[in-house]
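The numbers in my numbering rise by one with no breaks, and the one at position 17 of the sequence shown is 33.
Data first, discussion second: the structure below is written as structure tokens.
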Amino acid sequence: MVQPLGYLKESPSQTAGPYVHIGLTPNFCGIEGVFEKDLGAGPLYNEKTKGERITVRGFVIDGGGNTLKDALVEIWQADADGLYNSPSETRGSADPNFLGWGRCPGDMATGEFVFETIKPGPVPFAGGKLMAPHITFWVVARGINIGLQTRMYFPEEEAANAADPVLARIEHKNRIPTLIAKKEGSTYTFDIRLQGEGETVFFDI
Numbered sequence: 017m018v019q020p021l022g023y024l025k026e027s028p029s030q031t032a033g034p035y036v037h038i039g040l041t042p043n044f045c046g047i048e049g050v051f052e053k054d055l056g057a058g059p060l061y062n063e064k065t066k067g068e069r070i071t072v073r074g075f076v077i078d079g080g081g082n083t084l085k086d087a088l089v090e091i092w093q094a095d096a097d098g099l100y101n102s103p104s105e106t107r108g109s110a111d112p113n114f115l116g117w118g119r120c121p122g123d124m125a126t127g128e129f130v131f132e133t134i135k136p137g138p139v140p141f142a143g144g145k146l147m148a149p150h151i152t153f154w155v156v157a158r159g160i161n162i163g164l165q166t167r168m169y170f171p172e173e174e175a176a177n178a179a180d181p182v183l184a185r186i187e188h189k190n191r192i193p194t195l196i197a198k199k200e201g202s203t204y205t206f207d208i209r210l211q212g213e214g215e216t217v218f219f220d221i
């Protein structure tokens, strides 16, 4: 018999609290035996993966300029040919040797997150126009009710960034640099500022 559901109320949202690491990165917390290694940990590639190997590192910084020590960051990106490792990818077969997704808790002493990945290729926007190469970030931490979504773009892709349809939609152009990483060799530094001066642009996805 079908039951009316109008009496069920939405549960209130809560911050991630101190348990997000226990649930998502148990090995990091010293809880072994759940997974051989934490999901999303380690390089996103192996020796057969196509593409340029890069390192992405940074900090999550609050409105007071303090580094969060308990943030957890995930990334999602295309492979070197701009294809996603996803069942919904219909443009071709993504590189089977590239994971395309990673998860990293910030170092509990410094707060730094680090990903070993490859530089992604451009992917199409609605209507087929290409977006500049980018990596999507998702951030959660104590005090954040809903995970924050943002993107990291590459500083050497000046022409592609200038033509990117998503960056073009940002009203205040002086905030676009908050989405552009800094490069030194094969390492890209991308700090995520939650509030205040230099606040990172976040997307409502």
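Glycine included, C-beta positions come from ideal geometry on N, C-alpha and C.
Given the structure is predicted, the values throughout are model-derived calculations rather than measurements.
Those residues which DSSP pairs with residue i across a bridge
i, result
"Lys199", "Tyr204"
"Arg119", "Glu90"
"Pro140", "Leu146"
"Gly74", "Phe129"
"Met124", "For Met124, which the question treats as bridged, DSSP gives no partner whatsoever."
"Tyr35", "None, per the DSSP bridge assignment."
"Gln165", "Trp154 and Phe219"
"Ile134", "Arg69"
"Arg209", "Ile77"
"Tyr23", "Looking at the DSSP assignment, Tyr23 forms no beta bridge with any residue, so it has no partner."
Classification of residue i by the beta-carbon crowding that lies within 10 angstroms, buried from 16 upward
i, result
"Leu88", "buried"
"Leu24", "exposed"
"Asn82", "exposed"
"Phe141", "exposed"
"Met147", "buried"
"Ala157", "buried"
"Ile70", "buried"
"Gly143", "exposed"
"Pro121", "buried"
"Tyr35", "exposed"
"Thr126", "exposed"
Own chain partners of residue i with C-beta closer than 6 Å, once the 5 adjacent residues on each side are dropped
i, result
"Gln211", "Gly79"
"Ile151", "Ile91, Gln93 and Met168"
"Gly98", "Gly137, Pro138 and Val139"
"Trp154", "Glu90, Gly163 and Gln165"
"Arg191", "Val217"
"Phe219", "Gln165"
"Glu215", "Arg209"
Cβ neighbours of residue i in the same chain (closer than 7 Å, five flanking residues each side left out)
i, result
"Arg107", "Leu99"
"Ile186", "Ile192 and Val217"
"Ile221", "Gln165"
Minimum Cβ-Cβ distance from residue i to chain B less than 8 Å
i, result
"Leu195", "This model lacks chain B altogether; it includes just one protein chain."
Own chain, CB closer than 8 Å to residue i, minus 5 neighbours either side, in chain order
i, result
"Asp54", "Leu40, Thr41, Pro42, Asn43, Phe44 and Arg119"
"Lys135", "Gly67, Glu68, Ile70, Ala96, Pro149 and Phe170"
"Ile77", "Thr83, Leu84, Asp207, Ile208, Arg209 and Leu210"
"Glu105", "Leu99"
"Gly116", "Leu60, Trp92, Gln93, Ala94, Asp95, Tyr100, Asn101, Ser102 and Ala110"
Q.
Three Cβ pairs or more, each shorter than 8 Å: is that satisfied between the stretch 196 to 210 and the stretch 166 to 176?
A. yes
Q.
Below 8 Å, how does it come out for the stretch 175 to 186 and the stretch 41 to 52: are there three or more Cβ pairs, yes or no?
A. no
Q. Would you call the stretch 107 to 118 and the stretch 63 to 71 in contact, with 3 or more CB pairs under 8 Å?
A. yes
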